[in-house]
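In order, the protein sequences belong to chains B and A.
Using my numbering, the letters of the first sequence map in sequence onto residues 166 to 396.
Using my numbering, the letters of the second sequence map in sequence onto residues -16 to 299.
Structure, as structure tokens:
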Amino acid sequence: MLKVTNLHAYYGKSHILQGVNFNIQEGEIVSLLGRNGVGRSTAVKTIMGEVEPQGSIEFKGIEIAGKNSFEIANLGLGYVPENRDIFPTLTVRQNLQLGQKSVNESSRWSIEEMFKMFPNLGERAEVAGGVLSGGEQQMLCMCRTLMGDPELIMIDEPTEGLAPKIVEQVANLLQEIADRGVAILLVEQKLSIALKISHRLYVMGHGQIVYEGTPESLMQADDVRAEWLEV
Amino acid sequence: MLEVFIFATLNGLVTGLLLFMLASGLTLIFSMMGVLNFAHASFYMLGAYFAYSISLHFGFWTGLIFAPIIVGVLGALVERYGLRRVHQHGHVAELVFTFGLAFLIEEAVQFFWGADTKNYQSPDLLDFPLFTLFGQEFPAYRGFMIGISITIFISLYYVLTKSRIGIIIQAALTHPHTVSNLGHNVPLIFMGVFGVGTALAGVAGVMAGPVLTTFPGMAVVLGSIVFVIVVIGGLGSLAGAFIASILIGLLQSYAIASDLGMPDLLNILGIEFSRDHPLTDLWTLTLPQIAPILPFLLLVLVLIFRPTGLMGKREQ
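This is the structure:
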């Protein structure tokens, strides 16, 4: 479904992605792990067209490297940024409406359904998004991207700085997304959720993929965890 | 006294609404680009000239409809093929580009229409007093200006706050990347906002041409005041721009209508100066004389005491 081949990216003169290769199959949950600063966030931003790519990015067989973000999104690629970029002055409902690509299109997600899944958001449907708590904003941000009915959703550090109870909610939503046949690329620093739900894992270090495996194989690869993951 | 006050208020309202028609577009475009568009008032001038030329052949009303459309399309083209390319080189390049564009438009106007004042007239249909109060007439054309402005603002407000496209625009102004990631064509939205903003300036030009005279300097005259308004209101704030526009419209109108001056002030203070004092020009200044500099005085005061403007937000 997504095939990234020899992907390079630069911030000014610094060479952030140095030939990244990985792929995601339909309906698969894949995690991209690694310490801060190894280029995980840059990798998803580059796929999304926010950072200029060099190399090949194929989505559903279409070359998307060099396309505009909105074109990539309309092909069915969803992205939940790390900074929980909700629209603070718009209401919760308006935030979700903005996620819909058009009003008439049928989607596997609806606003009312989201409110049922997350009563906290439903109760505050007409409240400005800016007053929500960090966890609620994270939920809103994920739900907003889902409203566009992506076939693959890339989620950057969804549990960063959240209370354990909300981390559990995030994990449940991820499972629900996977159950509806949507592929997931989960970008994480911590192993907790990734090990539980992923089919496959990639570990990044110094702008490259340094390990590929399953949760079981990563648990046994003590050297990989020590060198690239543990802080 | 009451009649002076009522008419000064009405005239101030006419000016204020006209100023807001320019300021609203300018402040929206500022939120989008992050820099002031120095050529904004030039589109206002183009509106007046296009409408003048159209009115010669097809009458005022055709000009009122088509001149703003032509100006809006021109504005959209400037964004698409000019600003969007310059944008990659940063804010300074954008600023210089709009500055150059303002000069270019002024020269082009002089080239095609000449440097003289054009005889652009309000339509005969509106050439009657709307009402007469205390023996003074209020022209129907000014009432028409108030009506058109308010109608446009209410529809704009409705579109921006209630419609789906308005919500997308609001979000795109502050979070362009996020909105693009959700699948909305942000470059197209920006081109549209620029086009509508310049078209609004065009409408202002069409309506102001007959009242404030149509000549190649009209952009500079009004442009500087519109900048003052956008800064006083708070950069990027529509509500702030509205308050500042009305405030400055009324301020200027009251100042012109009043006959107060330094002599009155000095009388109250009990100071007297001889008529042949070397600074006699200063002691005899009247409020109508200093009316044109009041907006700039207000600008300086606001910048000193409230640098973000009335409703502006401090940059993060």
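Built from N, CA and C at the ideal position, the CB exists for glycine as well.
Entirely enclosed beta strand (DSSP E) segments - the segment 184 to 217 of chain B, minimum 3 residues: 194 to 198
Contact set between the segment -5 to 28 of chain A and chain B, restricted to residues whose Cβ is under 8 Å from the partner: In summary, no residue of the segment -5 to 28 of chain A has a CB separated from any CB of chain B by less than 8 Å.
Contained alpha helix (DSSP H) runs [length at least 4] in the segment 112 to 163 of chain A, N- to C-terminal order: You should have 123 to 145, 147 to 157.
Chain-ordered neighbours of residue 161 of chain A on chain B, where CB pairs are closer than 8 Å: On the second sequence, position 178 is the one that residue 161 of chain A refers to. By Cβ distance, chain B contributes 246, 250, 252.
Euclidean distance between Cα positions of residue 299 of chain A and residue 220 of chain A: Working through the second sequence from its first residue, we reach residue 299 of chain A at position 316. Working through the second sequence from its first residue, we reach residue 220 of chain A at position 237. Any reading at residue 299 of chain A must be qualified, since the residue scores a pLDDT of 42, below 50, and its modelled position is unreliable; no value is offered.
Minimum length 3: unbroken beta strand (DSSP E) runs contained in the segment 266 to 319 of chain B: none
DSSP bridge partner residues for residue 36 of chain A (one or two, in chain order): Position 53 of the second sequence, counted from the start, is the residue given in the question as residue 36 of chain A. Paired residues: none, contrary to the question.
Nearest residue (CA-CA) to residue 251 of chain B, options A:76, A:154, A:78, A:-6: Here the question's residue 251 of chain B lines up with position 86 in the first sequence. Closest by alpha carbon: A:154.
Below-8 Å beta-carbon distance, residue 190 of chain B vs any chain A residue: Position 25 of the first sequence, counted from the first residue, corresponds to residue 190 of chain B. No, residue 190 of chain B does not count as interfacial toward chain A.
Cα-Cα separation between residue 300 of chain A and residue 75 of chain A, rounded to whole angstroms: The structure shown has nothing for residue 300 of chain A, since chain A only spans -16 to 299.
Extent of the continuous beta strand (DSSP E) to which residue 351 of chain B belongs: Looking up residue 351 of chain B in the first sequence gives position 186. Run containing residue 351 of chain B: 348 to 353, per the beta strand (DSSP E) assignment.
Distance between beta carbons of residue 208 of chain A and residue 263 of chain B, contact taken as under 8 Å: The count along the first sequence starts at 1 and reaches residue 263 of chain B at position 98. The count along the second sequence starts at 1 and reaches residue 208 of chain A at position 225. Not confirmed; about 36 Å, so no contact.
Among A:156, A:182, A:273, A:277, nearest to residue 4 of chain A - alpha-carbon criterion: For the purposes of this step, residue 4 of chain A is identified with residue 21 of the second sequence, where counting begins at 1. When each option's Cα is compared against that of residue 4 of chain A, the closest is A:182.
Residue 323 of chain B classed as buried or exposed, judged by whether at least 16 other C-beta atoms fall within 10 angstroms: Here residue 323 of chain B corresponds to residue number 158 of the first sequence, with the count starting at 1. Buried is the call here.
Chain B residues whose Cβ lies nearer than 8 Å to that of residue 153 of chain A: Start at 1 with the first residue of the second sequence, and residue 153 of chain A comes out as number 170. Within 8 Å Cβ-Cβ: 252, 254, 255.
Secondary structure of residue 371 of chain B, DSSP reduced to three states: Here residue 371 of chain B refers to the residue found at position 206 of the first sequence. Here residue 371 of chain B sits in coil by DSSP.
Reference residue 129 of chain A; option with closest CA among A:-11, A:-5, A:288, A:-14: Taking the second sequence and counting its residues from 1, one reaches residue 129 of chain A at position 146. Nearest option by C-alpha distance: A:-5.
Proximity test, Cβ basis, 8 Å: residue 292 of chain A and chain B: Residue 292 of chain A sits at position 309 when you count from the first residue of the second sequence. Not one chain B Cβ lies under 8 Å of residue 292 of chain A.
Any chain B beta carbon closer than 8 Å to residue 250 of chain A: Taking the second sequence and counting its residues from 1, one reaches residue 250 of chain A at position 267. Look at residue 250 of chain A: its C-beta is not under 8 Å from any C-beta on chain B.
Straight-line Cα distance separating residue 395 of chain B from residue 246 of chain B: The sequence position of residue 246 of chain B within the first sequence is 81, counting from 1. The sequence position of residue 395 of chain B within the first sequence is 230, counting from 1. Taking the straight line from one Cα to the other gives about 24 Å.
Other residues of its chain near residue 14 of chain A: CB distance less than 6 Å, five sequence neighbours each side excluded: As a working mapping, residue 14 of chain A is identified with position 31 in the second sequence. Taken in chain order, the residues that qualify are 156, 219.
Residues sharing a beta bridge with residue 197 of chain A, DSSP: The residue labelled residue 197 of chain A in the question sits at position 214 within the second sequence. A:101, per the DSSP bridge assignment.
Residue environment, residue 303 of chain B, which counts as buried when at least 16 other CB atoms sit within 10 Å: Position 138 of the first sequence holds residue 303 of chain B. A residue is called buried when at least 16 other Cβ atoms come within 10 angstroms of its Cβ; residue 303 of chain B meets this threshold and is buried.
Range of the contiguous alpha helix (DSSP H) that encloses residue 224 of chain B: What you label residue 224 of chain B is simply residue 59 of the first sequence in a count that begins at 1. Residue 224 of chain B -> not in any alpha helix (DSSP H); beta strand (DSSP E) instead, spanning 219 to 224.
Chain-order list of residues whose beta-carbon lies under 8 Å from that of residue 303 of chain A (same chain, five-residue window excluded): Residue coverage of chain A in this structure runs from -16 to 299, which leaves residue 303 of chain A outside it and unanswerable.
Beta-carbon gap between residue 29 of chain A and residue 185 of chain A smaller than 8 Å: Taking the first residue of the second sequence as 1, we reach residue 29 of chain A at position 46. Taking the first residue of the second sequence as 1, we reach residue 185 of chain A at position 202. Closer than 8 Å, so yes.
Beta-carbon separation (whole angstroms), residue 236 of chain A vs residue -2 of chain A, contact threshold 8 Å: Here the question's residue 236 of chain A lines up with position 253 in the second sequence. Here the question's residue -2 of chain A lines up with position 15 in the second sequence. Sure, about 6 Å apart at Cβ, within 8 Å.
Minimum Cβ-Cβ distance from residue 169 of chain A to chain B less than 8 Å: Counted from its first residue, the second sequence places residue 169 of chain A at position 186. Yes, its Cβ sits closer than 8 Å to a Cβ of chain B.
Meets three-Cβ-pair contact criterion under 8 Å: the segment 238 to 254 of chain A and the segment 16 to 26 of chain A: no
Residue 263 of chain A and residue 246 of chain A closer than 8 Å at C-beta: Counting from one through the second sequence, the residue named residue 263 of chain A turns up at place 280. Counting from one through the second sequence, the residue named residue 246 of chain A turns up at place 263. No, the pair does not count as a contact, with Cβ atoms beyond the cut-off.
Within 8 Å, strictly: CB atoms of residue 165 of chain A and residue 313 of chain B: One-based indexing of the second sequence puts residue 165 of chain A at position 182. One-based indexing of the first sequence puts residue 313 of chain B at position 148. Taking 8 Å as the Cβ cut-off, residue 165 of chain A and residue 313 of chain B qualify as a contacting pair.
Residue 301 of chain A versus residue 134 of chain A - alpha carbon distance: Only positions -16 to 299 of chain A appear in this structure, which leaves residue 301 of chain A out of reach.
Partner residues on chain A for residue 122 of chain B, Cβ-Cβ distance less than 7 Å: Because chain B in this structure spans residues 166 to 396, residue 122 of chain B falls outside the shown range and cannot be described.
Own chain partners of residue -14 of chain A with C-beta closer than 7 Å, once the 5 adjacent residues on each side are dropped: Residue numbering aside, residue -14 of chain A sits at position 3 when the second sequence is read from its first letter. Correct list, in chain order: 116, 117, 119.
Three-state secondary structure (DSSP) of residue 236 of chain A: To locate residue 236 of chain A, count along the second sequence from 1; it is residue 253. In this structure, residue 236 of chain A counts as helix in the three-state DSSP scheme.
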